[in-house]
Amino acid sequence: MSYFLPHLTNGWQVDMAILSEEERVVVMRFGHDWDPQCMIMDETLYEVAEKVKNFAVIYLVDISEVPDFNTMYELYDPCTTMFFFRNKHMMIDLGTGNNNKVNWAIEDPQELIDMIEVVFRGARKGKGLVLSVKDYSTKYKY
Numbered sequence: 414m415s416y417f418l419p420h421l422t423n424g425w426q427v428d429m430a431i432l433s434e435e436e437r438v439v440v441m442r443f444g445h446d447w448d449p450q451c452m453i454m455d456e457t458l459y460e461v462a463e464k465v466k467n468f469a470v471i472y473l474v475d476i477s478e479v480p481d482f483n484t485m486y487e488l489y490d491p492c493t494t495m496f497f498f499r500n501k502h503m504m505i506d507l508g509t510g511n512n513n514k515v516n517w518a519i520e521d522p523q524e525l526i527d528m529i530e531v532v533f534r535g536a537r538k539g540k541g542l543v544l545s546v547k548d549y550s551t552k553y554k555y
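Be aware that the sequence shown starts at 414, since it is given in this note's numbering, and climbs by one per residue.
What follows is the structure, encoded as structure tokens:
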């Protein structure tokens, strides 16, 4: 389903997407279209795109095609999702220790909507770090 979502093909497009959006959260999925984990995430992003269009915009970036941000954002995982609001990187505390990004595929659409909504509400209040609704730390996985 990644072909339904807008792809950014160079660093300038990524910068302009982050810079130009004033009222909505920019959700960037960095990864490869052929990666199975990214395919799962793209499917979820496509499902929620219409539901979150009033407060979020979703873009896909191929990290091989656009390697400009790989070291800046430490994009070493196969699939990474990041959030931006008014040209500011939004951090989200997921309980994993890495507050900069989501580096796994989210399969539940409602879970992703909740995450984007938490980022949006926190960003509107001027917060740079928001607390996730769900704790993703391994202490709850038995």
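Backbone N, C-alpha and C fix where the C-beta goes; we use that ideal spot for every residue, glycine too. Source: prediction; values computed, not measured.
Approximately 19 Å separates the beta-carbon atoms of S550 and T493; this is outside 8 Å, ruling out the contact. Judged by their CB atoms, F417 and Y459 are nearer to each other than the 7 Å cut-off.
Ranked by how close their Cα comes to the Cα of S477, the residues M504, K540, N423, I431 have N423 in first place. DSSP places T551 within a helical segment (H, G or I) once states are collapsed to three. Burial is judged here by how many other beta carbons sit within 10 angstroms of a residue's own beta carbon; Y489 has fewer than 16 and is exposed. Here V532 is not near M504, since their CB atoms are 7 Å or more apart. Along the segment 430-508, the beta strand (DSSP E) occurs as fully enclosed runs of 3 or more residues at 438-444, 469-475, 492-498, 501-506, listed in sequence order. Spatial neighbours of D448 in its own chain (CB-CB distance under 8 Å, excluding positions within 5 residues in sequence) are listed in chain order as P491, C492. Each residue's CA atom was taken as its position, placing G539 and F468 some 15 Å apart. Looking at the DSSP output, V543 shares a beta bridge with I505.
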